[in-house]
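Encoded as structure tokens, the structure appears first; notes follow it.
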Amino acid sequence: ESERYVQEALLELMKNRTTLVIAHRLSTVINADTIYVIDSGKIAESGTHFELLKNKGVYSRLYTQQFAEQEKND
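Final position of the sequence shown in the numbering used here is 80; the numbers increase by one with none missing.
Right, here's the structure in full:
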């Protein structure tokens with residue numbers, strides 16, 4: 007629940023601004039205009055959340071893994 011409050015505050019602060027967000031929790035960047043996925047120090051892929059899920063690349067695997075773990079803990 008506290009993560010949700012932080013997310014809402016960040017969304018308000020980032021409104022109409024260019025913002026660089028570095029995150030391990032993908033929920034932090036899910037609404038970003040463009041997401042860059044860095045793997046082994048290089049940009050592995052980029053796109054919106056839905057584009058990256060559709061590509062079934064690094065982001066998709068991380069997303070599936072992260073949210074499967076979250077559901078298990080809930």
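All C-beta atoms in this analysis are idealised placements derived from N, C-alpha and C, irrespective of residue type, glycine included.
Every value quoted in this text rests on a predicted model; they were computed, and no experiment measured them.
Beta carbon proximity, Thr70 to chain D, threshold 8 Å | The structure shown contains no chain D; it holds only a single protein chain.
Are the beta-carbon atoms belonging to Gly53 and Ile44 less than 8 Å from one another?
-> The Cβ atoms of Gly53 and Ile44 lie no closer than 8 Å to each other.
Helix, strand or coil: which one does DSSP assign to Val27?
-> In this structure, Val27 counts as coil in the three-state DSSP scheme.
Reduced DSSP secondary structure (H/G/I, E/B, other) of Val43 = Note: Val43 maps to strand in three-state DSSP.
Tyr11, buried or exposed, once every other Cβ within 10 Å from all chains shown has been counted against 16 = Under a 10 Å Cβ-count criterion, Tyr11 is classified as exposed, with fewer than 16 other Cβ atoms of the shown protein chains found around its own Cβ.
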